[in-house]
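Structure first, commentary second.
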Amino acid sequence: MTNVLPTLRFTVLRLIRNWIVLLLLLGIPIVLITFFALILGDSKTEAGMPYIQESTTFMVLAFQLFGGSIVMSYIHEDFFTERRFRIQSLPFNQTLYAFSISVLGTLFSIFLGGILVFYSFWVFNVEWGNIGWAVFVIALMALLSSIVCLLFTFAVKQFKVAERLSEVYGIGAIVLAGLFFPMPENAFFEFMGSYGNPLTLASAAIFEYQAGNVAEVWLNVSILLGAIIVAFFVMLALGRRRMG
């Protein structure tokens with residue numbers, strides 16, 4: 643374990659110097675949150691919720707769907723390209739190193755999500771209820787995204803295909819949540835727009851918490867946790883086969 647510790651600083655520096663990640667997960671969301679705040683103003687939904695609160699919540703959570711791209715890109719670069727020979731020659735545990743990349747990449751995604759929460763709260767007075775709870779839900783989304791993206795990385799040999807699959811996962815969740823346009827009214831789309839969709843599960847966990855509906859809160863969180871556990875074991879099995 644101690645041999646891996648010196649690499650943590652290197653990994654953190656890689657993360658904070660990756661301007662593409664900062665643009666995707668921080669810059670663009672800030673621009674969009676600001677734009678919609680100016681456009682929507684004080685208007686409210688039929689349920690009485692400010693549109694800016696609803697749109698910002700979905701936006702912050704939606705960008706977490708793509709946070710796993712951080713982890714998958716570094717794992718691929720360090721273990722599935724020519725760089726792996728350099729990594730393998732270094733005197734530390736390769737498994738622990740891969741684990742440290744996964745953890746730090748996920749934490750970085752959570753950190754960026756947290757910045758968006760505080761930005762929207764301080765600048766536009768977006769109501770998040772319990773901010774600690776909101777960050778916890780963001781953490782679940784970030785963790786699931788990292789696991790799913792690693793699953794794709796290990797499942798297919800072509801990294802470009804894995805990248806496209808991760809984009810399908812993120813964009814698909816947004817589309818099925820009905821954020822772009824209404825979905826057809828049938829059992830499949832109703833399920834994928836509610837309990838079968840990580841984005842709607844996470845947003846419901848925040849909205850229901852604000853409304854005080856404890857049973858619905860824990861139902862949505864439990865399903866998210868279940869998806870994380872199942873995806874983790876599938877990813878672990880695929881990872882052992884691919885890297886073993």
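Here my numbering is used: the sequence shown runs in plain steps of one and ends on residue 886. The beta carbon of each residue, even a glycine, is placed where N, CA and C say it ideally should be. Note that the structure is predicted; figures quoted are calculated from it, not measured.
For a quick check, are the C-beta atoms of Pro-733 and Met-701 less than 8 Å apart? no
Specify the secondary structure class of Pro-671 as computed by DSSP and reduced to three states. helix
Reducing DSSP to helix, strand and coil, say where Pro-692 ends up. strand
Leu-650 beta carbon less than 8 Å from that of Ser-742: yes
Roughly how many whole angstroms lie between the Cα atoms of Val-817 and Ala-689? 22 Å
Leaving out the 5 sequence neighbours to the left and right, which residues in its chain are closer than 8 Å to Ile-865 when beta-carbon positions are compared? Tyr-837, Leu-843
Do the stretch 760-769 and the stretch 806-814 touch if we need at least three Cβ pairs shorter than 8 Å? no
Which whole runs of the alpha helix (DSSP H) in the stretch 779-842 are 4 residues long or more, in chain order? 801-818, 829-834
Between Ile-773, Phe-727, Gly-755, Phe-875, which has its C-alpha nearest Ile-675's C-alpha? Gly-755
Have a look at Val-654 and Ala-740 and give me their C-alpha separation to the nearest angstrom. 14 Å
Over what stretch of residues does the alpha helix (DSSP H) that includes Thr-653 continue unbroken? 647-658
What are the boundary residues of the alpha helix (DSSP H) that includes Thr-748? 736-766
Looking only at its chain, what residues have a beta carbon closer than 7 Å to the beta carbon of Gly-683, apart from the 5 residues adjacent to it on each side? none
Less than 8 Å separating the beta-carbons of Leu-786 and Met-877? no
Test: Ala-797 CB closer than 8 Å to a CB of chain C: Judged by its chain identifiers, the structure shown contains no chain C, having just a single protein chain.
With distances taken Cα to Cα, identify the nearest neighbour of Trp-860 among Val-803, Val-779, Gln-800, Glu-805. Val-779
In the DSSP assignment, find the alpha helix (DSSP H) that holds Trp-661 and state where it starts and stops. 661-664
Distance, Leu-738 Cα to Val-646 Cα: 7 Å
Stretch-stretch touch, CB-based, cutoff 8 Å, three pairs: the stretch 695-715 with the stretch 815-834: yes
Which whole-angstrom value is the C-beta distance of Thr-698 and Ser-751, which I expect to be below 8 Å? So it is not a contact: roughly 17 Å between Cβ atoms.
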